[in-house]
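Enquirer: Please read through the structure below; I'll follow up with questions.
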Amino acid sequence: MGPSPYPAQTDSSREWTMKTSILFWLCISVFPGFSQGRVVGEDEAGFAECNVFFPGQVPPEGFTEPFHVKICQQYNREPRFATLYSTKDKIPLYSAFKYTKAAQNEEESWLVEPQIDDPDNDQHEMVLEADLVGTVANLGANQALTSDYVGSGYERGLLNPSLLNEKDFQMATYTLTNAVPLSPSLSKTWHRDIGRVVEQALAPHCSKKDHLYLLAGAIPSSVRVKGKVSVPEALWLAACCDAAEGWSLGLVKKISDENSLADLTVGELEKQLLAGVDLFKGNCGEDTKSKEKVEAILQAVGQIRSGGQVGTSEKESGLVRKVAGIIATPFIKLLELLIYLFVELVKYTFYFLWLVIKRVGSTVLDGVYSLWNRVVSFLKAISMVLISIPYDLGRVVTNIFLGFLEIIQDVAFLTYRILRIPVGFVLHLAAFPYYSICAIPSVLKDLAAGIGGTFSLAVDATASLLHGFYYVASHIAKRFVPKGSSGD
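The sequence shown runs -37 to -1, 1 to 451 under mature numbering (1 follows the signal peptide of the UniProt record, and there is no 0).
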């Protein structure tokens, strides 16, 4: 393998990484309500785990621009709805969700998605905008921020309205990736009309409420807030009841007319969007839908639309409302200022508490890290000793076995050498004691004969020697002694 393209971590950096990781998970466990919004990767099918918010788990087709980003909006680590976001227009093109149950409005806590601006950022969740300052590269380059709305005359209008959700689902809607710039009055009428349509016209005519799929979207325009965030030219809602007697319906509200609410088929709505857009798989039974249910839905929508229009009596009282608005404006601004100060105070209070928790957590982590190192060192030493025991035992057993093999080798070699000795030599060697014992009498006999012969030879030699001496003496005597004198 080649060298790593990343610099090697020092001990201090690894220690800091470990500490921050532990601190992060501690914070997650202490504050389980963190919102999350995961940017779906290009290699994942559809919206990944958020495909459950589409009929047949098939998202709309035709939105294929490179600046379209798919987000799986989460809360408490569970998917809540899906959003297709345009980094070019800085607004969501649509949010897909299911109608659950209307609930009371919750306190707003707006969040942003760091990975839209910085894909290499390691924060895989929605976080407060104030907490990202200085930590995310190009913050706001591809998405709208709270500062884009301040003083613009527009407010953050939710595509997936919070009033159509409850509990965790409602909290998850307060993200800037689910918001488009709307005037306060338009935002109010849009949420009011959509809430009434869904609760009074759509949900009662879908036998299974968990099969009522909703797509709330916006059509971008060339008008930009502070030259950045696109103001929609129209808002739309597409509904699909994916049941046995399924039906589908589309609604459009023009930005230029706050009281407009046109109903149309899903096919007609798709023609007003991008070319080639297919919102629901198979048009969600549009060809086989129940006419009675559709007529009842359209009648209910018509009643809501007529009830939402401004009447003659309202026009007559318009001047009074304007005067009251002028008088109330300073008090409203003062109230907004107080609310803003209160929110900032609460935010900085939590920020201070976070710093305290961070400092205390860092101290605790230092102790935990030191204790961990000591425990690891102790376990390492114990492990080495425990590992050496079977190793030494194996060495002893191996040596015994090798010694036993050497003994067997020596015995085999000796046996081989013995077997190589000639058989005749072995027989002669075995008969040697017998022949030795049997030869003793012959040896004694020969020894006695030798001794007797030697003694006889000595007697004969002595006799011959004496006979020689006698012969010599008699010869000398005869020579020197006179013969005459022998007669005297």
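Where a beta carbon is used, it is the ideal one built from N, C-alpha and C, also for glycine.
Using a Cβ-Cβ cutoff of less than 6 Å, which residues in the same chain neighbour residue 460 once the five nearest sequence positions on both sides are dropped?
Expert: This structure leaves residue 460 out entirely; the chain is present only between -37 and 451.
Enquirer: CB Pro22 to CB Gly9, shorter than 7 Å?
Expert: Yes. Within cutoff.
Enquirer: If you check the beta carbons only, do Asp111 and Val188 fall under 7 Å apart?
Expert: Yes, the pair counts as a contact, with Cβ atoms nearer than the cut-off.
Enquirer: Have a look at Lys244, Leu298, Pro396, Leu139 and flag the residue whose alpha-carbon is nearest the alpha-carbon of Gly25.
Expert: Nearest of Lys244, Leu298, Pro396, Leu139 to Gly25, Cα basis: Lys244.
Enquirer: Would you please state the rounded distance, in angstroms, between the beta carbons of Ala142 and Leu121? I believe it to be under 8 Å.
Expert: About 6 Å; that satisfies the 8 Å criterion.
Enquirer: Quick one: using the 10 Å Cβ neighbour count with 16 as the cut-off for buried, is Glu221 buried or exposed?
Expert: Classification for Glu221: buried.
Enquirer: Per DSSP, Arg159 forms a beta bridge with which residues?
Expert: Note: Arg159 sits in no beta bridge, so no partner.
Enquirer: What's the gap between the Cα of Lys172 and the Cα of Val323?
Expert: Straight-line Cα distance between these residues: approximately 48 Å.
Enquirer: So what's Thr417 in DSSP terms, helix, strand or just coil?
Expert: The answer is helix: DSSP assigns Thr417 an H, G or I state.
Enquirer: For the alpha helix (DSSP H) that contains Val229, what are its first and last residues?
Expert: Per DSSP, Val229 belongs to the alpha helix (DSSP H) from 229 to 235.
Enquirer: How would you call Asn336, buried or exposed, if buried means at least 16 neighbouring beta carbons within 10 angstroms?
Expert: Exposed, since its Cβ has fewer than 16 Cβ neighbours within 10 Å.
Enquirer: So Ala135 is in the beta strand (DSSP E); what residue range does that whole segment cover?
Expert: Careful: Ala135 lies outside any beta strand (DSSP E), inside the alpha helix (DSSP H) at 130 to 135.
Enquirer: Please state whether the Cβ-Cβ distance between Ala259 and Ile54 is less than 7 Å.
Expert: No; because the gap between Cβ atoms is not below 7 Å, this pair is not in contact.
Enquirer: Inspect the CB distances between the stretch 35 to 49 and the stretch 154 to 161 and report whether three or more fall short of 8 Å.
Expert: The stretch 35 to 49 is not in contact with the stretch 154 to 161.
Enquirer: How close, in whole Å, do the beta carbons of Pro18 and Asp205 come, if the pair is a contact with beta carbons under 8 Å?
Expert: With 8 Å as the limit, Pro18 and Asp205 qualify as a contact, their Cβ atoms being about 4 Å apart.
Enquirer: Assign Lys254 to one of three DSSP states: helix, strand, or coil.
Expert: Residue state, collapsed to three classes: helix.
Enquirer: Using 6 Å as the cut-off, classify the Cβ of His430 as near or not near the heavy atoms of the ligand ZN, replying yes or no.
Expert: In the structure on display, the ligand ZN does not appear, and there are no ligands present to speak of.
Enquirer: If we count the other Cβ atoms within 10 Å of its Cβ and call it buried at 16 or more, is Asn362 buried or exposed?
Expert: Exposed: under 16 other Cβ atoms inside 10 Å.
Enquirer: Determine the burial state of Val192: buried for a count of at least 16 other Cβ atoms within 10 Å of its Cβ, exposed for fewer.
Expert: So Val192 counts as buried.
Enquirer: Which residues bound the beta strand (DSSP E) around Gly180?
Expert: First-last of the beta strand (DSSP E) with Gly180: 175 to 182.
Enquirer: At the level of alpha carbons, what is the spacing between Ser125 and Trp210?
Expert: Using only the alpha carbons, I get a separation of about 24 Å.
Enquirer: For my contact list, Ala201 and Leu242 are in at a C-beta cut-off of 8 Å; report their separation, rounded to the angstrom.
Expert: Contact holds; Cβ gap of about 5 Å.
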